[in-house]
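Peer 1: In the numbering used here, the protein residues as written are 1 to 385.
Quick reminder that beta carbons are idealized off the backbone N, C-alpha and C, glycines included.
Got a structure for you, questions after.
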Amino acid sequence: MARTLAAMALTLGLALTGAACAQAPANVAPNDYGNKDSWLCWPGRADACAVDQTTTIVQADGKTSTEAFKAATAPAYDCFYVYPTVSTDPGGNSDMVIDPAERSVVEQQLARFGSKCRVFAPMYRQVTLAALRTVMMGQASPGNGVLAYGDVRDAWRWYLANENKGRGVVLIGHSQGSRMLLDLLKNEIDGKPAQKQMISAYVLGMNTPVADGKFGTIPLCAKADQAGCLVTYVSFRASSPPPANSRFGKTDEQGRRAGCVNPAALLAGKASTDEASLHAYLGTKPFLSSLPPKPFAKDVTVTTPFVSLPGLLSAKCVSEGDFSYLAVKVNGDPADPRTDEITGDIVLPGGAVLKDWGLHLIDVNLEMGDLVALADRQAKAYAGR
1 MARTLAAMAL TLGLALTGAA CAQAPANVAP NDYGNKDSWL CWPGRADACA VDQTTTIVQA
61 DGKTSTEAFK AATAPAYDCF YVYPTVSTDP GGNSDMVIDP AERSVVEQQL ARFGSKCRVF
121 APMYRQVTLA ALRTVMMGQA SPGNGVLAYG DVRDAWRWYL ANENKGRGVV LIGHSQGSRM
181 LLDLLKNEID GKPAQKQMIS AYVLGMNTPV ADGKFGTIPL CAKADQAGCL VTYVSFRASS
241 PPPANSRFGK TDEQGRRAGC VNPAALLAGK ASTDEASLHA YLGTKPFLSS LPPKPFAKDV
301 TVTTPFVSLP GLLSAKCVSE GDFSYLAVKV NGDPADPRTD EITGDIVLPG GAVLKDWGLH
361 LIDVNLEMGD LVALADRQAK AYAGR
């Protein structure tokens with residue numbers, strides 16, 4: 001049950017915390033981001049991002065191979081990542097101590113980018129799982145979203161002033177982290193000098209309100225070799241689209257639709273509304289989920305941290321009614337040894353699936369290979385413009 005509640009809290013992201021408190025507590029001192037202990041991941045350091053990313057590849061016929069991971073030795077650009085709601089600290093906002101929860105999420109969502117870029121991931125006093133559980137029980141949130149955002153903003157400013165040195169940077173976030181990025185894009189990047197350093201922004205697992213194909217003046221990405229643009233999506237099974245009560249992918253009160261960009265389609269030279277095969281990296285152990293991953297193939301034992309199943313998953317952006325989302329299709333074949341289903345839903349005790357949350361838990365895993373490849377394509381476009 002605890003794991004289920006954690007998963008549910010993760011899906012809520014920062015939709016609740018933005019209005020949690022009008023201002024940050026006046027007596028809370030800012031973090032020192034010149035101290036590397038304030039960073040979850042730092043380039044070249046043996047930290048949370050220096051983690052095994054070895055992957056077992058399972059082909060349609062059941063044959064397997066192992067894909068090794070190698071970190072880039074002299075990457076030409078940077079990645080700045082803000083993690084989702086994972087803190088298990090008891091208060092409304094987390095402390096700055098790196099716990100297993102923060103280590104686990106960068107293993108799933110960030111470390112693989114280290115094959116292409118220098119990775120920077122600040123710790124921040126995010127709104128905790130405990131705070132979101134309080135809200136879910138109908139009580140006022142003890143969490144302070146303004147405090148959380150202030151930390152991310154301060155880390156970004158410190159990075160720009162001290163580590164960027166004119167390099168291009170890809171911004172990456174998920175859920176609460178994406179809510180932080182939307183505010184950062186609005187307040188610190190769009191129309192500001194820092195926009196010149198932005199290769200692209202990946203705002204994942206969070207509604208990005210779009211007008212005329214843009215968030216502010218930042219356009220949605222329309223092709224792989226495009227820099228200065230934004231990638232965003234929320235994911236649902238194609239067979240289980242968002243119900244009316246879903247908060248993900250929903251058009252906002254001002255009539256702005258949620259943006260949807262499919263990285264896999266861009267890499268294939270297609271429009272996001274065209275179906276494209278996903279290069280997913282699925283974790284082989286539970287990650288804030290109520291259920292462990294299902295077996296990936298009959299008579300195949302996977303011992304690596306990740307598995308890739310070429311051709312099994314495909315997706316396209318769909319806009320129906322009030323919702324815009326990434327519709328994920330499982331191309332299962334009962335005649336072959338591979339699984340015909342994947343794990344990623346939030347499941348309550350007793351087996352009930354929370355369909356309004358979709359595949360939020362694995363938003364990033366579903367397109368991880370595509371996101372890494374797209375970042376590299378966009379970085380080359382950025383360098384050449």
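Given this structure, state the Cα-to-Cα distance separating Leu110 from Ala50, to the nearest angstrom.
Peer 2: Between Leu110 and Ala50, the C-alpha separation is close to 10 angstroms.
Peer 1: Which whole runs of the alpha helix (DSSP H) in the region 230-293 are 4 residues long or more, in chain order?
Peer 2: Qualifying alpha helix (DSSP H) stretches, in chain order: 263-267.
Peer 1: Is it buried or exposed for Gln254, if we count other Cβ within 10 angstroms and need 16 for buried?
Peer 2: By the 10 Å Cβ count, Gln254 comes out exposed.
Peer 1: Smallest Cα separation from Leu230: which of Gly143, Gly259, Ala379 and Ser246?
Peer 2: Closest by alpha carbon: Gly259.
Peer 1: Touching or not, the region 342-362 and the region 93-100, by the rule of three or more beta carbon pairs under 8 angstroms?
Peer 2: Counting Cβ pairs under 8 angstroms, fewer than three are found: no touch.
Peer 1: Name the residue from Gln139, Tyr77 and Val28 whose alpha carbon lies nearest to the alpha carbon of Met198.
Peer 2: Closest option to Met198, Cα to Cα, is Tyr77.
Peer 1: Just the C-alpha distance for Trp156 and Lys186, rounded to the nearest angstrom, thanks.
Peer 2: Each residue's alpha carbon lies about 13 angstroms from the other.
Peer 1: Mind pulling the alpha helix (DSSP H) runs of 4 or more residues that sit fully within the region 99-138?
Peer 2: Runs of the alpha helix (DSSP H) inside the region 99-138: 100-109 and 129-136.
Peer 1: I need the DSSP call for Lys214, collapsed to helix, strand or coil.
Peer 2: Looking at Lys214 - three-state DSSP - the assignment turns out to be strand.
Peer 1: Buried or exposed, going by whether 16 or more other CB atoms sit within 10 Å of the CB of Pro193?
Peer 2: Exposed, by the Cβ-count rule.
Peer 1: Run through DSSP, which three-state label would Asp356 get?
Peer 2: Correct three-state label for Asp356: helix.
Peer 1: Got a sec, what are the start and stop residues for the beta strand (DSSP E) Val203 sits in?
Peer 2: It spans Met198 to Leu204 - the beta strand (DSSP E) in which Val203 sits, taken as one unbroken run.
Peer 1: Between which two residues does the beta strand (DSSP E) carrying Val318 extend?
Peer 2: Counting along the chain, the beta strand (DSSP E) containing Val318 begins and ends at Leu313 to Glu320.
Peer 1: Would you mind working out which of Val372, Phe236 and Ser94 sits nearest Thr343, comparing C-alpha positions?
Peer 2: The residue with the shortest Cα to Cα distance from Thr343 is Phe236.
Peer 1: Please work out which residues of its chain come closer than 6 angstroms, Cβ to Cβ, to Ser65, disregarding the five sequence neighbours upstream and downstream, and give them in chain order.
Peer 2: Once the five neighbours on either side are set aside, the close Cβ partners of Ser65 are Ile57.
Peer 1: Rounded to whole angstroms, what is the Cα-Cα separation between Thr55 and Ile218?
Peer 2: So the alpha carbons of these two residues sit roughly 35 angstroms apart.
Peer 1: Below 8 angstroms on the Cβ atoms is my guess for Arg257 versus Val203; work out the distance and round it to an integer in Å.
Peer 2: In fact, because the Cβ distance is near 14 angstroms, the residues do not count as touching under 8 angstroms.
Peer 1: Would you kindly report the start and end of the unbroken alpha helix (DSSP H) that includes Asp154?
Peer 2: Where Asp154 is concerned, the enclosing alpha helix (DSSP H) stretches over Gly145 to Tyr159.
Peer 1: Less than 8 angstroms between the CB atoms is what I'm expecting for Gln59 and Asn365, so what's the real figure, rounded?
Peer 2: Incorrect: roughly 19 angstroms between the Cβ atoms, too far for contact.
Peer 1: Could you give the DSSP three-state label for Ala383: helix, strand or coil?
Peer 2: It is helical.
Peer 1: What residue range does the beta strand (DSSP E) around Val328 cover?
Peer 2: First-last of the beta strand (DSSP E) with Val328: Phe323 to Val330.
Peer 1: Once the 5 residues before and after Gly332 are set aside, which same chain residues still bring their CB inside 8 angstroms of it?
Peer 2: Contacts found: Leu312, Arg338, Thr339, Asp340 and Glu341.
Peer 1: Got a sec? Which residues, its chain only, sit under 7 angstroms from Asn38 by beta carbon, not counting five neighbours each side?
Peer 2: Checking the sequence, you will find Ser at residue 38 rather than Asn. Excluding positions up to five away in sequence, the list reads Asn31, Asp32, Met96, Pro122 and Met123.
Peer 1: Please give the ranges of any beta strand (DSSP E) in the region 44-72, keeping only runs that are unbroken, at least 3 residues long and fully inside the region.
Peer 2: The region 44-72 contains these whole beta strand (DSSP E) runs: 55-58 and 64-67.
Peer 1: I'd like the list of long-range same chain contacts for Cys317, defined as Cβ closer than 8 angstroms, with 5 residues on each side in sequence excluded.
Peer 2: The answer, listed in chain order, is Tyr233, Cys260, Val261, Asn262, Ala265, Ser272, Thr273, Ser324, Tyr325, Leu326 and Ala327.
Peer 1: Could you give the C-beta distance for Tyr281 and Phe248, rounded to a whole number, given that I count them as a contact under 8 angstroms?
Peer 2: No, Tyr281 and Phe248 are not in contact; Cβ-Cβ is about 22 angstroms, not under 8 angstroms.
Peer 1: For Pro169, list the residues DSSP reports as bridge partners.
Peer 2: The sequence shown places Val at residue 169, not Pro. DSSP, once it has assigned bridges, lists Asp78 and Met198 as partnering Val169.
Peer 1: May I have the straight-line CA-CA distance separating Ala335 from Ile189, to the nearest angstrom?
Peer 2: Spanning the two alpha carbons is a distance of roughly 51 angstroms.
Peer 1: Rounded to a whole number of angstroms, what is the C-alpha to C-alpha distance between Val353 and Asp345?
Peer 2: Cα to Cα, Val353 sits roughly 7 angstroms from Asp345.
Peer 1: Given Asp47, which residues of its chain have a CB within under 6 angstroms of its CB, disregarding the five upstream and five downstream residues?
Peer 2: For Asp47, where only same-chain residues beyond five positions count, the Cβ hits under 6 angstroms are Cys41.
Peer 1: Arg133: which of Asp154, Tyr159, Gly168 and Pro90 sits nearest, CA to CA?
Peer 2: Considering only alpha carbons, the answer is Pro90.
Peer 1: Return yes when the Cβ of Gln378 is within less than 9 angstroms of the Cβ of Asp212, no when it is not.
Peer 2: Taking 9 angstroms as the Cβ cut-off, Asp212 and Gln378 do not qualify as a contacting pair.
Peer 1: Cβ of Ser94 within 9 angstroms of Cβ of Arg125?
Peer 2: Yes, Cβ-Cβ distance for Ser94 and Arg125 is below 9 angstroms.
Peer 1: DSSP beta-bridge partners for Leu220?
Peer 2: Per DSSP, Leu230.
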